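Colleague: Would you mind keeping the following structure in view while I ask a few things?
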Amino acid sequence: MQSQFDKRYIFAVDCIIFGYDGKDLKLLVIERGFEPFKGKWSLVGGFVEEEESAETAAVRVLKQLTGLDGLYMEQLHCFSDPKRSGEGERIISVAFFALIDIQKYKEQINEDYHPAWFPINQLPELVYDHSKIAESAKEKLRYKAALHPLLFELLPDKFTMPQLQSLYEAVYNMEFDKGNFNRKLLSTNLLEKLDDKDKMNSKKGAFYYTVNSKKYSAGFKKFLNFVPSQYINE
17 MQSQFDKRYI
27 FAVDCIIFGY
37 DGKDLKLLVI
47 ERGFEPFKGK
57 WSLVGGFVEE
67 EESAETAAVR
77 VLKQLTGLDG
87 LYMEQLHCFS
97 DPKRSGEGER
107 IISVAFFALI
117 DIQKYKEQIN
127 EDYHPAWFPI
137 NQLPELVYDH
147 SKIAESAKEK
157 LRYKAALHPL
167 LFELLPDKFT
177 MPQLQSLYEA
187 VYNMEFDKGN
197 FNRKLLSTNL
207 LEKLDDKDKM
217 NSKKGAFYYT
227 VNSKKYSAGF
237 KKFLNFVPSQ
247 YINE
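Mapping of the sequence shown onto the numbering used here: residues 17 to 250, in sequence order.
Set out below in structure tokens:
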């Protein structure tokens, strides 16, 4: 009879990487180049090395893929269902979600991983329980974004109010009233209006805004809630 101590336990991390391309909220997944499930789609992940914490491993995995440090990253959950990895070795994974600006980082994505961006509501079938993990991350992102201005991490250094509204609508899969949205966002005093305009999308053009970094850092835990209440009820 096999003892529980005879079974090999593996400690891993999975990274749910969200990006915004100006139209859709997207998730970065990779095409597995190894068995099991070679050729199938998977979240970005890796094993935690002997001298690493889960957080350190997640930072390493993200840097291997994006080439960058300092991305916004937050721990999501520990996934430890005994059956999540099938027969044989038991894999316990700590999941993290990260936010990046697709346009800023697209040239630094490591092509060795065979990465691809998919709209968050049009994901391909993912291996293991990765679809469940991605759904959990999406709900956590919605909850957090209702209370904190972390969605600005997905935007370029300067952006228009229509672009910002489009991002929120992509995250929550709903439409916001333009006037009400603008008024409430501007009331946070986090945004600074610039002199130049984006004239690519309309003749009149829309003014660019940027985030006041000092106010952003100081007010990160105090943000005006203006999304439906179901997203802030745990």
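Glycine included, every Cβ here is placed at the ideal spot set by N, Cα and C.
Bear in mind that the values here come from a model prediction, so they are computed numbers and not experimental data.
Sort E71, F53, N137 by Cα distance to V29 and report the nearest one.
Modeller: The option with the nearest alpha carbon to V29 is E71.
Colleague: Across which residues does DSSP place I46 in a beta bridge pair?
Modeller: Note: I46 sits in a beta bridge opposite S58, P131.
Colleague: Contact check, Y184 vs I118 under 8 Å by CB: the rounded distance?
Modeller: With a Cβ gap of about 17 Å, Y184 and I118 do not count as contacting.
Colleague: Threshold first: 4 residues or longer. Then list the alpha helix (DSSP H) segments lying entirely within the region 96-182, N to C.
Modeller: Listed in chain order, they are 118-121, 146-163.
Colleague: According to DSSP, simplified to helix, strand and coil, what is D185?
Modeller: At residue 185 the sequence reads Glu, which differs from the Asp that was named. In this structure, E185 counts as helix in the three-state DSSP scheme.
Colleague: Starting from F197, trace the alpha helix (DSSP H) in both directions and tell me its first and last residue.
Modeller: Note, F197: alpha helix (DSSP H), 194-203.
Colleague: Can Q181 and F168 be called in contact, C-beta distance under 7 Å?
Modeller: No. Outside cutoff.
Colleague: In angstroms, rounded to a whole number, what distance separates the CA positions of K54 and E141?
Modeller: Straight-line Cα distance between these residues: approximately 13 Å.
Colleague: Please classify S96: is it buried, with 16 or more other beta-carbons within 10 angstroms of its beta-carbon, or exposed?
Modeller: Exposed, by the Cβ-count rule.
Colleague: Can we say the region 123-136 touches the region 81-93, given the rule of at least three CB pairs closer than 8 Å?
Modeller: Contact holds: three or more Cβ-Cβ distances are below 8 Å.
Colleague: Just to check my reading of the structure: L157 and F113 have Cβ atoms closer than 8 Å, yes? What is that Cβ distance to the nearest angstrom?
Modeller: At roughly 6 Å, the Cβ-Cβ gap stays under 8 Å, so L157 and F113 are in contact.
Colleague: Classify G195 as buried or exposed, calling it buried when 16 or more other Cβ atoms lie within 10 Å of its own Cβ.
Modeller: That one is exposed.
Colleague: By DSSP, does K213 sit in helix, in strand, or in coil?
Modeller: Note: K213 maps to strand in three-state DSSP.
Colleague: Near F107, which residues of its chain fall below 6 Å by C-beta distance, leaving aside the five closest residues on each side in sequence?
Modeller: Looking at the sequence shown, residue 107 is not Phe but Ile. Correct list, in chain order: I26, A28, S101.
Colleague: If you follow the beta strand (DSSP E) that V227 is part of, which residue opens it and which one closes it?
Modeller: 222-227 is the span of the beta strand (DSSP E), which, as asked, contains V227.
Colleague: In three-state DSSP terms, what is E51?
Modeller: It is coil, neither helix nor strand.
Colleague: Pull the bridge partners of G35 from the DSSP assignment, please.
Modeller: Paired residue(s): K42, I116.
Colleague: What are the start and end residues of the alpha helix (DSSP H) that includes V77?
Modeller: Looking at the DSSP string, the run of the alpha helix (DSSP H) that includes V77 is 70-82.
Colleague: Between A111 and I149, how many whole angstroms is the CB-CB distance? I'm expecting something under 8 Å.
Modeller: Rounded, the Cβ-Cβ distance is 5 Å, consistent with contact.
Colleague: What residue from D214, Y225, F63, Y188 has the CA that sits closest to L201's CA?
Modeller: Minimum Cα distance to L201 is reached at Y225.
Colleague: How close, in whole Å, do the beta carbons of L78 and I32 come, if the pair is a contact with beta carbons under 8 Å?
Modeller: With a Cβ gap of about 11 Å, L78 and I32 do not count as contacting.
Colleague: Nearest CA to the CA of K174: which residue from N137, N228, Y188?
Modeller: Among N137, N228, Y188, the Cα nearest to that of K174 is on N228.
Colleague: Do you know whose CA, among V75, H164, Y144, P172, lies nearest A234's CA?
Modeller: Measuring from the Cα of A234, the nearest candidate turns out to be H164.
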